[in-house]
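Written out below as structure tokens is the structure these notes cover.
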Amino acid sequence: MKVKVSLLGGLRHYYNGEETVELEVDPTSKVEELTGRLGIPKSEIMQVMIHGLRRELFETIGDVETIEIIPTLVGG
Amino acid sequence: MSDGFFGKLLTIDLNTQKIGEKYFSEEEARKYYLGSGLSAKIMMEWPDIERLDPLSPEAPLIFMTGLFVSTALPASTKLSVVAKQVATGIWNEATVGGHWPQAFRSTGYDGIVFSGRAEKPVYLVIDDGEVSFRDASSLWGLDTEKTAEKLDKGVGEGFLYGIIGQAGEKLSAIAAIAFDPPNYRMAARGGIGAVMGSKNLKAIAVRGTKKVPIARKDLMSKLLKEQAGPIRESTKGLHDFGTSGGVEAVEMFGDLPIKNWQLGSWKEGAKKIAGQTMQPEHLDHHYACYACPIRCGKIYKIPDHNEIGHGPEYENIAMLGSNCLNDDPEALIEANHLCNMYGLDAISTGHVISFSMEAFERGIISEKDTGGVKIEWGGAAVIKMIHLIGNREGFGDILANGVRKAAQIIGRNSEELAVEVKGLEIPAHDPRGHVSMSLNYATAVRGGCHLEGLTYFLDRGIPAPDLGFTSPPDPHRSDDKPPIVVTMQNYFSVFNPMGLCKFLFVGRVGPTIISEWCRAVTGWDISREEVMKTGERIFNLKRLFNIRHGISRKDDILPPRMYSGAKPDGKAAGVVANLGWMLHEYYKLRGWSELGIPENEKLIELELAEFRK
């Protein structure tokens, strides 16, 4: 299935510079497989929101249309 | 000498150039650690401390390494430079990493305590325990970079320097001390460079070969083997882009100061000055402080200068960039470099400039006041103003006093635009984006300081199970924040005394790990609880220092813009902290009176009763 993934707060730099990317995703795969594909270190992810609900990295993605990835990056 | 420290401080009276030694006991080291902890005890015992002007010859200036500095422990690199804060006379500790602290400790001393004022400018050379004064007349008036170049020719190879620039010489209340140029690490806050300048001390050059004795090398090796990898892994983001990698995330959370703290959102601007955008074009190489696996420093090529310098950190990007509506990367890199060269605190410098920009826009000041300078938003005026502030020329002379005094001089309600707590300009984390920072800023010992609590780390999802924090708090609620702030302040109060970088928190280092490290270095049978209790003791001791200087609840406040002015847009729109209620709860948790003064029972519990007055 095709999923629209939003890479917020600077996380786009880990992928291709685009804030929103459309990816082919297996709905039975885990959230961390997706973030791994995007090259985002786990330590830089504060939370993943799927249709407005928080999901853990070890959870299955499921049948969804949009995913938001929110960073922990803190400044200094 | 005990395991973990030399037990020896260098004492230098600059009036007479008399050099001596002062010893401290193992009991003192365990009770306060080193760094700003032992320094707090020395400051409290200093004769007539509350009577002394921060820039008077009699006032102290202390350089003290943390307990773990020069060991192999990760990110154990911090030096505390302690004195009275220049703008107000209250507590000040300015902290710096890099390589100077390790080089200094290799001379066989844990710290230096200065008093007096040299008759003429001098610099100090400490060569493996041999101490000498040199004439600094030919260095006076030079920036930190040129001073380092001259020192290279004068003192021999392998020395590292701590240097003041023109700002420190001219006693600016926002002057810093620059270490290790051209890489530049700064002990920046509270006008610490001016205290050095007031003593006619231009620089301190150090090198050494002495090793800190380690109690249990076997335990140290075991811990390093287990812990270095996970620390490196969980701080990978900091390594890749440094603190500047957080600019866009900070903006997204409504935490970024924009246009002198007036706006809530500046997405396109933040993109232009984020480390991820600037780094590909400007990075020369990555940089690590001594013994640091994180390697968050970035050395940039400085445009138009044909030289390298430290790339702007997050704080500097925000204060010299977004808060001045400066979205020009080259102007930002230049501004940051100029602060390092003049020896200026980039946080305070950025704020006095954004303050003057808003005052200019509102017509509170005009070209008549500024000597014809149009202080308009953007990079060009930032650079122009740094030159004027660094040299204390024209209107820059007023801003060099720091924002509190500058607003008092200007008057005309300009105090409304000044964003400081206890006279110290607040750094680039908006207390409306993270309500816990409101309580942190209001109660931090040195005033507008983010480093004493760093509670926004928790809001961003960095877990600290060893402190009882496993999921991110709601950043905009007030009701759960007092216990969080107390715990975080107590914990972070051991970092400077231990010499540890606070990014170890991002690396998931909690008090249990620190107690293990302490066991390895000193051989003490020390628990997690003892580490936390020592943190609480040190925080309270510094509070007592401030109370001696007239500080109480009346000073635990926020500036008008933060207390009653909500942001108009962005994620933190409409948020204002319930500070009065939070303070009430906070004092109760701390065992302080309603006036914010530690109760006798608390002082007895913390073994601080001797400092009661």
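Those protein sequences? They're chains A and B, same order as listed. In terms of the numbering used here, the first sequence opens at residue 1 and continues consecutively. In terms of the numbering used here, the second sequence opens at residue 1001 and continues consecutively. Cβ coordinates follow ideal geometry from the N, Cα and C atoms, glycine included. Computed from a predicted structure; not experimentally measured.
**B:F1469 beta carbon less than 8 Å from that of B:L1458** = yes
**Message:** Which residue marks the beginning of the beta strand (DSSP E) containing B:I1163, and which one marks its end?
**Reply:** 1160–1163
**Prompt:** Under three-state DSSP, which class holds B:K1217?
**Reply:** Helix, per DSSP.
**Request:** Identify whether B:R1508 lies in helix, strand or coil by the three-state DSSP scheme.
**Result:** coil
**Request:** Give every residue of the same chain whose Cβ lies closer than 7 Å to the Cβ of B:E1599, excluding the five residues on either side of it in the sequence, and list them in chain order.
**Result:** G1591, W1592, S1593
**Prompt:** If you draw a straight line from the C-alpha of B:I1347 to the C-alpha of B:G1097, how long is it?
**Reply:** 17 Å
**Asked** Taking buried to mean at least 16 other C-beta atoms within 10 Å of its own C-beta, is B:Y1586 buried or exposed?
**Response** buried
**Prompt:** How close, in whole Å, do the beta carbons of B:G1245 and B:G1433 come, if the pair is a contact with beta carbons under 8 Å?
**Reply:** Contact flag wrong, Cβ pair sits at about 18 Å.
**Request:** Starting from A:K30, follow its DSSP beta bridges and name the residues at the other end.
**Result:** Partner(s): A:T60.
**Message:** Which residue wins for smallest C-alpha separation from A:V21, given the options A:T28, A:P27, A:S29, A:R12?
**Reply:** A:R12
**Asked** alpha helix (DSSP H) containing B:D1397: first to last residue?
**Response** B:D1397 -> alpha helix (DSSP H) spans 1396–1399.
**Asked** Excluding five sequence neighbours on each side, which residues of the same chain lie with their C-beta closer than 8 Å to the C-beta of A:G62?
**Response** P27, I50
**Request:** Indicate whether at least one CB of chain B lies closer than 8 Å to the CB of A:H13.
**Result:** yes
**Simplified DSSP state of A:Q47, which is helix, strand or coil** = strand
**Asked** Does the distance from the C-beta atom of B:G1191 to that of B:V1086 stay below 8 Å?
**Response** yes
**Asked** Based on the DSSP secondary-structure assignment, which residues constitute the bridge partners of B:W1115?
**Response** Correcting the residue type first, residue 1115 of chain B is Ser in the shown sequence and not Trp. Bridge pairing for B:S1115: B:D1013 [DSSP].
**Item:** Buried or exposed by the 16-neighbour rule on C-beta atoms within 10 Å, applied to B:N1616
**Value:** Residue coverage of chain B in this structure runs from 1001 to 1613, which leaves residue 1616 of chain B outside it and unanswerable.
**Counterpart residues of B:A1464 in DSSP-defined beta bridges** = B:F1469
**Prompt:** Listing by chain order, which chain A residues have their CB less than 8 Å from the CB of B:K1236?
**Reply:** Within chain A, the residues near B:K1236 are P41, S43, E44.
**Asked** Between the Cα of A:Y15 and the Cα atoms of A:L34, A:V25, A:S29, A:K30, which residue gives the shortest distance?
**Response** A:L34
**Prompt:** Can you tell which of B:T1065, B:P1047, B:G1066 has its C-alpha closest to the C-alpha of B:A1059?
**Reply:** B:P1047
**Prompt:** Taking Cβ positions, are B:A1331 and B:I1383 nearer each other than 8 Å?
**Reply:** yes
**Request:** Would you mind listing the alpha helix (DSSP H) stretches within the stretch 1058–1128 of chain B that are 4+ residues and don't spill past its ends, in chain order?
**Result:** 1100–1105
**Continuous beta strand (DSSP E) stretch holding A:R54: start and end** = 53–55
**Request:** Would you identify the three-state DSSP class for B:H1434, choosing helix, strand or coil?
**Result:** coil
**Asked** Which term fits B:L1171, buried or exposed, when burial requires 16 or more other beta carbons within 10 angstroms of its beta carbon?
**Response** buried
**Request:** Report the option in B:E1251, B:K1084, B:K1078, B:T1235 whose CA atom is closest to the CA atom of B:F1179.
**Result:** B:K1078
**Request:** Using 10 angstroms around the beta-carbon of A:E24, count the other beta-carbons present and answer buried if the total reaches 16, otherwise exposed.
**Result:** With a 10 Å radius around the Cβ and a threshold of 16 neighbouring Cβ atoms, A:E24 comes out exposed.
**Prompt:** Going along the chain, which residues of the stretch 56–75 of chain A sit with their C-beta nearer than 7 Å to a C-beta in chain B?
**Reply:** Cβ contacts with chain B come from P71, T72, L73, V74, G75.
**For B:D1135, the three-state DSSP class (helix, strand or coil)** = Looking at B:D1135 - three-state DSSP - the assignment turns out to be strand.
**Item:** Beta-carbon gap between B:F1114 and B:K1199 smaller than 8 Å
**Value:** yes
**Asked** CB B:L1160 to CB B:H1239, shorter than 8 Å?
**Response** no
**Request:** Starting from the Cα of B:G1154, find the closest Cα among B:P1182, B:I1551, B:Y1123 and give me that residue.
**Result:** B:Y1123
**Prompt:** Using a C-beta cutoff of 8 Å, does A:G36 count as contacting chain B?
**Reply:** no
**Request:** Round the Cβ separation of B:V1531 and B:V1486 to the nearest angstrom and send it over; I've been treating them as touching at under 8 Å.
**Result:** The Cβ separation is near 15 Å, so there is no contact.
**Asked** When every heavy atom of the ligand HEM is checked, does at least one fall within less than 7 Å of the C-beta of B:D1569?
**Response** No copy of the ligand HEM occurs in the structure displayed, which carries no ligand at all.
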